[in-house]
Amino acid sequence: MKGTTLEDTVSCSNLKSATPSSLRPRRSILRLPLDRINWITSSFLIGTLALTLTGVPFYLYHFGLDWFQVGLFLVMFFACGFSVSLGYHRLFSHIAFRASWPIRLFTLIFGAAAFENSVLMWASEHRRHHKHVDHDDDPYNISKGFFHAHIGWLLFKLHPDHPFDNVPDLQRDKLVCWQHRYVQWIAVLVSFGLPPILGYLWDGWPGALGAFLIAGVARIVVLQHCTFLINSACHTIGRQPYSTRCSARDSLFLAFFTFGEGYHNYHHEFQHDYRNGVKPWQVDPTKWIIWTLSKLRLTRDLRRVPKEKIESAEQENRERGSNNRSA
Ligand SMILES: [Zn+2]
Ligand SMILES: [Zn+2]
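Numbering (the working numbering), first residue to last: 74 to 400.
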C-alpha cells in the first residue's frame, strides 16, 4: 500500500527523457542520494514530525489535555484512515467493491486530508506496486531496504514520474478527477482548517491551537506512518500462509495499526477480494465497515475469492514449504 504527499503530482520532464543509467543517483558518505531530494515532500514529512515532537508537548505543558482534543484526534484519525484503507486502497485501487457517491465523496475528501496525494496518483503507484512487487519498478520496493520502502521512496526521487497509464478507469470518474485537481486545497482545508475552527468553538484560541497541533499535525504524522508500515513492515514481519512468491506477510500485530491491512500476504495473493483478513477471527475493521455499508445499500458487488480456492492456495503453499525443507 502506498502513500505520497503533496508534490508528487508535479511532472519531471527532464527525468522522463533521461536514460536509466543517468537516473542512478550519486551517493554521499551517508549512502543517501542527496542530489535527488524531493524537497517539498521531504520538508512536509520532516516539518510535521518536528512540529509534533515539539509543539504538542509544549501545548500539553501549558494547556493540558481535555476529552474534546482526544475525541477530535480520534474522529479525524479514523475518518482519514478508513478513507485510505476502504477508499483509496480497496475501492479505487482494486475495485474490490462498488460504492455509492456519498461514500466515494467522503473517502476522497478525508483521504485527501491524510496528505497521501490524490487517489489517482496513489492508485497508480499502488497498482504498480502489485504488478512489480519486490522489483525495480515497484515504487516502494522492500528489496531496497526497510527505510526505502517506509519513507525513503518519498524523501528521494529515484524514478521518473510515470503517466497515469494504469488508471484509465479512475480517470473516467468525475469525482476522482475533481479530487485530483483540488487535492491540495481539500487537504489543507480539512486538515488545518476544520480542526482549529471546531477547537475555537469549543475553547477559544487555546482550543484552536490544540486542535491544529493534535487533530491536525500530529494526526497526519501518526496516520502516515501507519500507512507506511504496510509498505515496510507488512513486507518484513509475519507469516506467509498463502504464497512465498513475494515478500508480503500476514500479521495480526500490524493489522491493529493499519485498519486491518496487516494481512498483506493474503492481499497480494488475492488483491481483488474486499477482505484482507479473510478468516472470521481476523481483525479487519475495514472489511467489517464495507460489509455493514453493503447492508445499508451504500456499497455493493463485494468481491470474494471462493473458500475452496483460498484453502487450496494454503494447501499448495504448505506442500511447497515441506518439499523445500525435505530437498
Ligand atoms: Zn493493494
Ligand atoms: Zn504490498
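The beta-carbon is built from N, C-alpha and C at its ideal position, and this holds for glycine as well. For clarity, every value in this text was computed on a predicted model and none was experimentally measured.
Residue i, DSSP secondary structure in three states
i	result
F229	strand
R391	helix
I363	helix
R109	helix
A386	helix
Y132	helix
A321	coil
Y470	Nothing about residue 470 can be read from this structure; the chain reaches only from 74 to 400.
R171	strand
Y46	With the chain represented from 74 up to 400, any question about residue 46 goes unanswered, as that position is not in the structure.
S101	Interpretation of S101 is limited by its pLDDT of 49, a score under 50 that renders its predicted location unreliable; the figure taken from the coordinates is listed afterwards. Note: S101 maps to coil in three-state DSSP.
T372	strand
V378	coil
I182	helix
I224	helix
I176	helix
Q297	helix
N190	coil
P358	helix
A91	For A91, the predicted structure reports a pLDDT of 34, less than 50, and the residue's modelled location is therefore unreliable. The matter cannot be settled from this model.
E198	helix
F165	helix
G137	coil
T331	coil
I310	coil
G218	coil
Element boundaries [alpha helix (DSSP H), containing residue i]
i	result
D346	Careful: D346 lies outside any alpha helix (DSSP H) and carries neither H nor E.
V206	Element bounds for V206: n/a, residue is neither H nor E.
W140	W140 to F155
L17	Within the shown structure, residues of the chain are numbered from 74 to 400, placing residue 17 beyond reach of any answer.
H341	H337 to E342
For residue j and residue i, believed in contact at Cβ under 8 Å, the rounded distance
i	j	result
A186	V263	4 Å
Y315	E387	6 Å
F219	T309	6 Å
F343	V378	5 Å
L375	I363	6 Å
G272	F285	7 Å
H345	A169	6 Å
Pair within 8 Å by beta-carbon distance, residue i and residue j
i	j	result
A222	S158	no
V249	L164	no
I176	T372	yes
G283	F136	yes
I293	T121	yes
S191	H253	yes
G184	Y213	no
A196	S166	yes
F332	P358	yes
Can you check the segment 232 to 292 for any alpha helix (DSSP H) of at least 4 residues that lies completely inside it and give the ranges in chain order? 241 to 244, 247 to 261 and 267 to 284
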